[in-house]
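Peer 1: I have a structure I would like to understand better, so I am pasting it below and will then ask my questions one at a time.
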Amino acid sequence: MSGHSKWANIQHEKGAADAKRGQAFTKLSREIIMASKEGGPSPDMNSRLRLAIQKAKDARMPSDNIERAIKKGSGQLEGEVLVEMNLEGYGPGGVAVLVQAVSDNRNRTVSDVRHQFTRSGGAMGEAGCVSWIFESVGSIVLKTGGRNLDDLTMEAIDAGADDVRPEEDLLEVITAPDQLEKVRKALEAKKLSIESAGIEKHPKTHVELNEETAMQVLKLLSTLEDMDDVQNVYSNADFDPAVVEKFAAS
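According to my numbering, the stretch in the sequence shown is residues 5 to 254, in order.
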């Protein structure tokens, strides 16, 4: 698995810690609100909402919080007016960066994100400048639990996986977006431990970086991900796993 995926796994672990502080719950609530607003409050009729609810449950978000978010999104409860946006740009070394945000103040969020790009030595670009580099995929992260990776890989493929990416004690299972729920259920039926699942953006091409530039890019990505209005951050950087470890320890 590339250093990019290793970074994603480190951020996933950080997200679990953030949940204890409430920041992750806020982001999960906003995703549920937007999903309910877009497709209605019934999970049976709204696949995006089903995925958002499952993701919230994976993070052990209380049921009351989930129900409240659904009602806010569907207009049953009053709440802040939120808008979704994709913000794009280039980080150090020409790395493509795609930021998915949900905000109650578009101008503030755009300004804050632009500031971080500029501060890193990069620049925010126009809509569409880097989004073409990324494609939507279903991503399911499994805990290996000490099991043989070859055996787990075969089970994932039998369940409908398009690809698998091992990383220490985790295995990322890649699917087509419309096959995510089906593959997840098949994996659950095999009694495999699912750490997380969702629709993500994966780059079609990667940019290799030297250590100094990689550290600058990691700092930018980490800062963006820590912003309250930012839901997800994706890049096409190909990090050396050792550099990721060094940054995480710093």
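All C-beta atoms in this analysis are idealised placements derived from N, C-alpha and C, irrespective of residue type, glycine included.
For a minimum of 3 consecutive residues, which ranges assigned as the beta strand (DSSP E) are wholly contained in the segment 19 to 77?
Peer 2: none
Peer 1: Grouping DSSP H, G and I as helix and E and B as strand, with all else coil, what is A160?
Peer 2: helix
Peer 1: Between the segment 50 to 57 and the segment 83 to 95, do at least 3 Cβ pairs fall closer than 8 Å?
Peer 2: Proximity of the segment 50 to 57 to the segment 83 to 95 falls short of the contact definition, fewer than three beta-carbon pairs being nearer than 8 Å.
Peer 1: Quick check: the Cα distance between V247 and A73, rounded to an integer number of angstroms?
Peer 2: 38 Å
Peer 1: Relative to the C-alpha of R123, which residue among E212, S239, D230, Q220 is closest?
Peer 2: Q220
Peer 1: Could you spell out where the alpha helix (DSSP H) holding P245 opens and where it closes?
Peer 2: 245 to 253
Peer 1: Under the rule that 16 or more other beta-carbon atoms within 10 Å means buried, what is L81, buried or exposed?
Peer 2: exposed
Peer 1: Let me know the beta strand (DSSP E) ranges lying completely inside the segment 190 to 238, each 3 residues or longer, listed in chain order.
Peer 2: 197 to 207
Peer 1: Are V99 and A241 touching if we call contact CB-CB under 7 Å?
Peer 2: yes
Peer 1: For G7, which residues in the same chain have their Cβ closer than 6 Å to its Cβ, ignoring the five residues on either side in sequence?
Peer 2: Annotation note: pLDDT 46 at G7 (below 50); position unreliable, coordinate value reported separately. So the list reads F243, D244, P245, V248, once near-sequence residues are dropped.
Peer 1: The alpha helix (DSSP H) with S124 in it runs from where to where?
Peer 2: According to the DSSP assignment, S124 belongs to no alpha helix (DSSP H), since it is labelled neither H nor E.
Peer 1: What's the gap between the Cα of D167 and the Cα of I161?
Peer 2: 7 Å
Peer 1: Is DSSP giving M5 helix, strand or coil here?
Peer 2: At M5 the pLDDT is 41, less than 50, meaning the model places this residue with poor confidence and gives no usable figure here.
Peer 1: CB P170 to CB L153, shorter than 7 Å?
Peer 2: The Cβ atoms of P170 and L153 sit closer than 7 Å to each other.
Peer 1: Quick check on V106: buried or exposed, where buried means 16 or more other Cβ atoms within 10 Å of its Cβ?
Peer 2: Label assigned to V106: buried.
Peer 1: Where does E212 land, buried or exposed, given buried means 16+ other C-beta within 10 angstroms?
Peer 2: Under a 10 Å Cβ-count criterion, E212 is classified as exposed, with fewer than 16 other Cβ atoms of the shown protein chains found around its own Cβ.
Peer 1: Report the residue from V87, V103, S46 whose alpha carbon sits nearest the alpha carbon of V237.
Peer 2: V103
Peer 1: Per DSSP, what are the beta-bridge partners of D166 in this structure?
Peer 2: Paired residue(s): none; D166 is not in a bridge.
Peer 1: Contact between the segment 198 to 207 and the segment 61 to 77: three or more CB pairs below 8 Å?
Peer 2: yes
Peer 1: Looking at the structure shown, is A111 part of a helix, part of a strand, or coil, going by DSSP?
Peer 2: Rather than Ala, the amino acid found at residue 111 in this sequence is Asn. Here N111 sits in helix by DSSP.
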